[in-house]
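Scroll down for the structure; my scribbles are underneath it.
Residue numbers (our numbering): 647 to 1314.
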């Protein structure tokens, strides 16, 4: 049986290192969190890389320790704890407890002493110890059974490494440090005795006692004077550097046993601190219970369902379709709920492997007859996630032409209002943060890449997936509403963002007229200009090359033409716009390349893209307006991006002129 290996972590040291290593962070309530985050990251690395079975984290006590009685000026040169670090300390303690790790702390003692005491006891029981720290004082503990590992530098120190670094064995470091002192702890040492001299003296004499027994016989020198003048400082420093091995720490190895994290407290902490990535990775959310999800196959059930849905204070709705584009999406099914107790899925468009409609589904007309009076009721609030998509899908004539009305609540918009800077507003990501593990679209479609993949999903599986969406949106709304009200965002959410949903949906459906003939003409014209520029570039360079290749262009500019080189990247010399702008006045080639790039971008990004996205029947482009697209609150658009149509150049103005008004209308 292998010997137990115990990890003893210098918690206090890593608090400060984490604090200084990470830029300031705070949660939405203003609580500083960067030290907590950095410390947690270090702790997680230890747990993941080393997978310790036994470990503890040691912390300094608050207030004076026994060394202050020996030397009141001990650590007197240190500044007070930063104000934004103080409120983070209790959270770090709670993190350690939530991970179910033994915490060592004792009045009058420092973390180093607690680690030294635990090391003495554990090695005496036949254990091996890994001291996790970057503190050189703890190197005194290194032996054939004790290593020091610093995960921040990924450096391990054994006896050989200590000898290589200091020139003496670990058991002589106490006397070595007594001579050199430690300015960070205000330990005086012997002034003028540096590491090299200390190493020679301790190597020659073995200890302070041996050194001072021999000092009288030394030749007169500045070093001898210093040793004699500061004899008291040397022995005082040794007392300060010496690690106490008599602290009260658990003697039973079982106390150091690592148990898995406690999900409840850890989830509560990560949620409060807004460590959502760590929450997702370390606290797996609970799977949604599907037992209360109902697959509605029989039209006879719809009358009773209508009555049930009318009892709710709001109606949660989610559509399953054949396409991401709501203007082209056919309905496959609809899920509904009014609370967290039950949800229903109404299938209508699922197909079997042969492409035939699966039996036991509802007619679309029956679903529309159920939904229309509910969804068009001005007084019944509607809730969804990305509700604009569902509004657009249901308003298609092919899907019943339902125009959802009433107060509209969208949890995607709610999440954006609460945190406009976050990277994702996906329902499954948001639900992870409230302890709900959602089935993903990829899971339910078995990674089917077809745009209508959901139509091929078995209705029973579809029921669980789709009902999860309305259940998750309801639970998310329950969590969001108090915060929206607390932060004064509820009025904005209900009186501006909600009513804007159908307005944007109608704008998307209406689209914007584009002159297709002008776009084709511009595409041909830009192609001719690009061909001419290409030949001019080849002529100036003296040969043909791939103008779009950074490596080849860099070779021409910096090796053949000998122009001043810019910064170097992994693929060669940088030829970005800043570099070319600096070079354009030194040679004509950079100016030609800039002109070529600008024209190529206009052609591909705007002219050809607009022509491709223009509906051949309506002659319009149907962009998507994003309410949650920016942190500033302005609208953005995509497919195509209409907020960045160029205007400063002649070519840009000609592209803008392709946007035209329909007959009888004018653009303002």
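Glycine included, each C-beta is placed from N, C-alpha and C at the ideal position. Bear in mind the structure is a predicted one, so any value in this text is a computation, not a measurement.
Please classify residue 1137 as buried or exposed, where buried requires at least 16 other C-beta atoms within 10 Å of its C-beta. In this structure residue 1137 is exposed. Its beta-carbon is surrounded by fewer than 16 other beta-carbon atoms within 10 angstroms.
List the DSSP bridge partners of residue 1275. Secondary-structure assignment with DSSP links residue 1275 through no beta bridge to anything.
Tell me the rounded alpha-carbon separation between residue 784 and residue 657. Distance between the alpha carbons of residue 784 and residue 657: 13 Å.
Straight-line Cα distance separating residue 1264 from residue 1098: About 24 Å.
Beta-carbon proximity of residue 704 to residue 794, cut-off 8 Å: No, these two residues do not count as a Cβ contact at 8 Å.
So residue 835 is in the beta strand (DSSP E); what residue range does that whole segment cover? Run containing residue 835: none; DSSP gives neither H nor E here.
Are there any heavy atoms of the ligand ADP lying less than 7 Å away from the beta-carbon of residue 1018, as far as the coordinates show? Questions concerning the ligand ADP fall outside what the structure shown contains, since it holds no ligand whatsoever.
If you check the beta carbons only, do residue 1010 and residue 977 fall under 8 Å apart? For residue 1010 and residue 977, yes; Cβs fall inside 8 Å.
How should residue 744 be labelled, buried or exposed, when 16 other C-beta atoms within 10 angstroms of its C-beta is the threshold for buried? By the neighbour-count definition (other C-beta atoms within 10 Å, threshold 16), residue 744 is a buried residue.
Are the beta-carbon atoms of residue 1242 and residue 1176 separated by less than 8 Å? Against a cut-off of 8 Å, the Cβ pair of residue 1176 and residue 1242 comes out as a contact.
CB contact flag (residue 964, residue 1110, <8 Å): No, the pair does not count as a contact, with Cβ atoms beyond the cut-off.
In its own chain, which residues sit with a C-beta less than 7 Å from the C-beta of residue 1375, not counting the 5 before and 5 after it? Residue 1375 is absent from the model: the chain starts at 647 and stops at 1314.
According to DSSP, is residue 1062 helix, strand or coil? In the structure shown, residue 1062 sits in a helix (DSSP, three-state: H, G or I).
Determine whether the beta carbon atoms of residue 1028 and residue 1050 lie at a separation below 8 Å. In this structure, residue 1050 lies closer than 8 Å to residue 1028 by Cβ.
What alpha helix (DSSP H) runs, 4 residues minimum, are completely inside the segment 814-875? Within the segment 814-875, the complete alpha helix (DSSP H) runs of at least 4 residues are 819-826, 841-851, 854-860 and 868-875.
Drop a sphere of 10 angstroms on the beta-carbon of residue 1302, count the other beta-carbons inside from all chains shown, and report buried for 16 or more, exposed for fewer. Exposed is the call here.
Local Cβ density within 10 Å of residue 674, reported as buried at 16 or more and exposed below that: Residue 674 comes out exposed.
Could you give the distance in angstroms between the alpha-carbon of residue 1090 and the alpha-carbon of residue 979? Distance from the CA of residue 1090 to the CA of residue 979, rounded to the nearest whole angstrom, comes to 14 Å.
Using three-state DSSP, classify residue 1055 as helix, strand or coil. Look at residue 1055 here: in three-state DSSP terms it is strand.
Look at residue 1248 and residue 1183 and say whether their C-beta atoms are less than 8 Å apart. Between residue 1248 and residue 1183, the C-beta spacing is not below 8 Å.
With a CB to CB cut of under 6 Å and the five nearest residues on each side skipped, what residues in its chain are close to residue 730? Taking residue 730 as the centre and dropping the five residues before and after it, the same chain places the C-beta of 678 closer than 6 Å to its C-beta, in chain order.
Three or more C-beta pairs closer than 8 Å, one from the segment 683-702 and one from the segment 797-815: is that the case here? Contact between the segment 683-702 and the segment 797-815 is present, because at least three Cβ pairs lie under 8 Å.
According to the Cβ coordinates, are residue 1271 and residue 1259 closer than 8 Å? When the beta-carbon positions are compared, residue 1271 and residue 1259 stay at least 8 Å from each other.
Reduced DSSP secondary structure (H/G/I, E/B, other) of residue 702: DSSP places residue 702 in the strand class (E or B) of the three-state scheme.
Counting beta carbon pairs with one atom in the segment 984-1003 and one in the segment 1055-1073, are three or more of them shorter than 8 Å? Contact between the segment 1055-1073 and the segment 984-1003 is absent: fewer than 3 CB-CB pairs across the two stretches fall below 8 Å.
Find out if the Cβ-Cβ distance for the pair residue 915, residue 741 is shorter than 8 Å. Contact: yes.
Going by other Cβ atoms of all chains shown within 10 Å of its Cβ, with 16 needed for buried, is residue 1297 buried or exposed? The residue in question, residue 1297, is buried, as its Cβ has 16 or more Cβ neighbours within 10 Å.
Leaving aside the five residues before and after residue 1043 along the sequence, list all residues of the same chain whose C-beta is less than 8 Å from its C-beta, in chain order. Taken in chain order, the list of residues that qualify is empty.
Residue-level contact to chain C via CB, residue 966, 8 Å cutoff: The chain labelled as chain C is not found in the depicted structure, where only one protein chain is given.
Restricting to Cα atoms, I'd like to know which of 738, 732, 1105 and 1306 is closest to residue 911. Measuring from the Cα of residue 911, the nearest candidate turns out to be 738.
For the beta strand (DSSP E) that contains residue 1283, what are its first and last residues? Looking at the DSSP string, the run of the beta strand (DSSP E) that includes residue 1283 is 1282-1284.
Runs of alpha helix (DSSP H) lying entirely within the segment 676-730, each at least 4 residues, in chain order: Unbroken alpha helix (DSSP H) runs of no fewer than 4 residues, entirely contained in the segment 676-730, are found at 680-696 and 712-716, following chain order.
Apart from the five residues on each side of it in sequence, which residues of its chain come closer than 6 Å, Cβ to Cβ, to residue 924? Counting only Cβ-Cβ distances below 6 Å, and skipping sequence neighbours, we find 916.
If I measure Cβ to Cβ from residue 833 and keep anything under 6 Å in the same chain, skipping five residues before and after, which residues do I get? For residue 833, the CB contacts under 6 Å within the same chain, skipping 5 residues up- and downstream, are 827, 883 and 886 in chain order.
Residues sharing a beta bridge with residue 1028, DSSP: 961 and 1054.
Could you name the residues of the same chain whose beta carbon sits closer than 6 Å to that of residue 1024, not counting the 5 residues immediately before and after it, in chain order? Excluding sequence neighbours, residue 1024 sits near 1051 and 1052.
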